[in-house]
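Colleague: Take the position in the sequence shown, starting the count at 1, then add 572; the result is the number in my numbering.
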Amino acid sequence: MTDSIQFETAKINDIDGVLALQELYLVANLSEEEKASGFVTTPFTVAQLTEVIHENNLFIAKDNNKIIAYIFAGSWDFFKQWPIFNYMSSLFPELTFLDFEITTNNSFQYGPICIHKEYRGKGLITPLFEFMRTHMLHKYPLSLTFINKINIPSAKAHTEKLKWTIIGDFQFNNNEYFILAYDMNQAVS
573 MTDSIQFETA
583 KINDIDGVLA
593 LQELYLVANL
603 SEEEKASGFV
613 TTPFTVAQLT
623 EVIHENNLFI
633 AKDNNKIIAY
643 IFAGSWDFFK
653 QWPIFNYMSS
663 LFPELTFLDF
673 EITTNNSFQY
683 GPICIHKEYR
693 GKGLITPLFE
703 FMRTHMLHKY
713 PLSLTFINKI
723 NIPSAKAHTE
733 KLKWTIIGDF
743 QFNNNEYFIL
753 AYDMNQAVS
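#1: My output table needs one value for T581: the three-state DSSP class, helix, strand or coil.
#2: To the nearest angstrom, report how far apart M708 and G693 are at their CA atoms.
#3: Tell me the rounded alpha-carbon separation between V590 and P615.
#4: Would you tell me roughly how many angstroms separate the C-alpha atoms of S726 and I643, rounded to the nearest one?
#5: When you compare each of A633, P665, S679 to G695 by their alpha carbons, which one comes out closest?
#6: Can you give me the start and stop residues for the beta strand (DSSP E) that D649 sits inside?
#7: Please work out which residues of its chain come closer than 7 Å, Cβ to Cβ, to C686, disregarding the five sequence neighbours upstream and downstream, and give them in chain order.
#8: Roughly how many angstroms separate the alpha carbons of L700 and F631, rounded to a whole number?
#9: For the region 616 to 658, which segments carrying the beta strand (DSSP E) assignment without a break, of at least 3 residues, lie completely within its bounds, in sequence order?
#10: Since L716 contacts I738 with CB under 8 Å, what's their CB separation in whole angstroms?
#11: Quick one: is S603 buried, meaning 16 or more other Cβ sit within 10 Å of its Cβ, or exposed?
#12: Y682 by DSSP, collapsed to three states: which one?
#13: Name the two residues that bound the continuous alpha helix (DSSP H) containing D755.
#14: Since D741 is in the beta strand (DSSP E), which residue starts that stretch and which ends it?
#15: Consider the Cβ of S647: report whether some Cβ of chain C lies at a distance smaller than 8 Å.
#16: Distance, Cα to Cα, H688 vs F680?
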């Protein structure tokens, strides 16, 4: 990884760069072969990006001022505009993780995360995740996310590198997903 990489909380003038990166890895834009390297499934609009940025919940990595990675984080209230998040949060009463009672008030939806393919496998995910974690920790003690079971690179990165815990799974729109949880007080080593 180069010394020129900077981590920032996104600002309005970062929207074009985030959209450009999203476009490269949006599942709808990829061939089956390209999907094997990982993908994002939720396309965000300018209005949605603006809302997340105003809440200081979008974290980016830049290399020479070019956005090379992002992590979304948001309240369940924000994410309820997509049916899959409502469905997942309806499962919370059945889920267990450490000593947490999992609720929409003490947790947030982490992701999507997207890293430009030229920067994958080089250790960028850990400092970017840590940057997000330290910013979100004062809002929420618990983070949850889901990963499509066919998105093996993402599942491996989160469970092996970042030490997320798979706490369940579900089916939605003919896809199968893992549910993962992370204790925000736990720094990634």
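Backbone N, C-alpha and C define an ideal beta-carbon position, used for all residues, glycine too. What you are looking at is a predicted structure, and each value in this text was computed from that prediction instead of being measured.
Modeller: Put simply:
#1: Numbered from its first residue, the sequence shown carries residue 581 at position 9. It is a strand residue.
#2: Counted from its first residue, the sequence shown places residue 708 at position 136. Counted from its first residue, the sequence shown places residue 693 at position 121. Rounded to the nearest angstrom, the two C-alpha atoms are 24 Å apart.
#3: Translated into the one-based positions of the sequence shown, residue 590 becomes position 18. Translated into the one-based positions of the sequence shown, residue 615 becomes position 43. One C-alpha to the other measures close to 11 Å.
#4: As a position in the sequence shown, residue 726 is number 154, starting the count at 1. As a position in the sequence shown, residue 643 is number 71, starting the count at 1. Each residue's Cα considered, the two are about 13 Å apart.
#5: Numbered from its first residue, the sequence shown carries residue 695 at position 123. Nearest neighbour of G695 by Cα position, chosen from A633, P665, S679, turns out to be A633.
#6: What you label residue 649 is simply residue 77 of the sequence shown in a count that begins at 1. The continuous stretches of beta strand (DSSP E) do not include D649, which lies in the alpha helix (DSSP H) extending over residues 648 to 651.
#7: Position 114 of the sequence shown, counted from the first residue, corresponds to residue 686. L593, Q594, Y597, V612, A641, Y642, listed in sequence order.
#8: Looking up residue 700 in the sequence shown gives position 128. Looking up residue 631 in the sequence shown gives position 59. Straight-line Cα distance between these residues: approximately 8 Å.
#9: Runs found: 630 to 635, 638 to 646.
#10: As a working note, residue 716 is residue 144 in the sequence shown. As a working note, residue 738 is residue 166 in the sequence shown. Not really, about 11 Å apart at Cβ, beyond 8 Å.
#11: Working through the sequence shown from its first residue, we reach residue 603 at position 31. It counts as exposed.
#12: Taking the sequence shown and counting its residues from 1, the one referred to as residue 682 is at position 110. When DSSP states are grouped into helix, strand and coil, Y682 belongs to the strand group.
#13: Translated into positions along the sequence shown, residue 755 becomes position 183. It is not in any alpha helix (DSSP H) - D755 instead sits in the beta strand (DSSP E) that spans 747 to 755.
#14: One-based indexing of the sequence shown puts residue 741 at position 169. First-last of the beta strand (DSSP E) with D741: 737 to 744.
#15: No chain C appears in the structure shown, which is made up of a single protein chain.
#16: On the sequence shown, position 116 is the one that residue 688 refers to. On the sequence shown, position 108 is the one that residue 680 refers to. In this structure, the alpha-carbon of H688 lies about 24 Å from that of F680.
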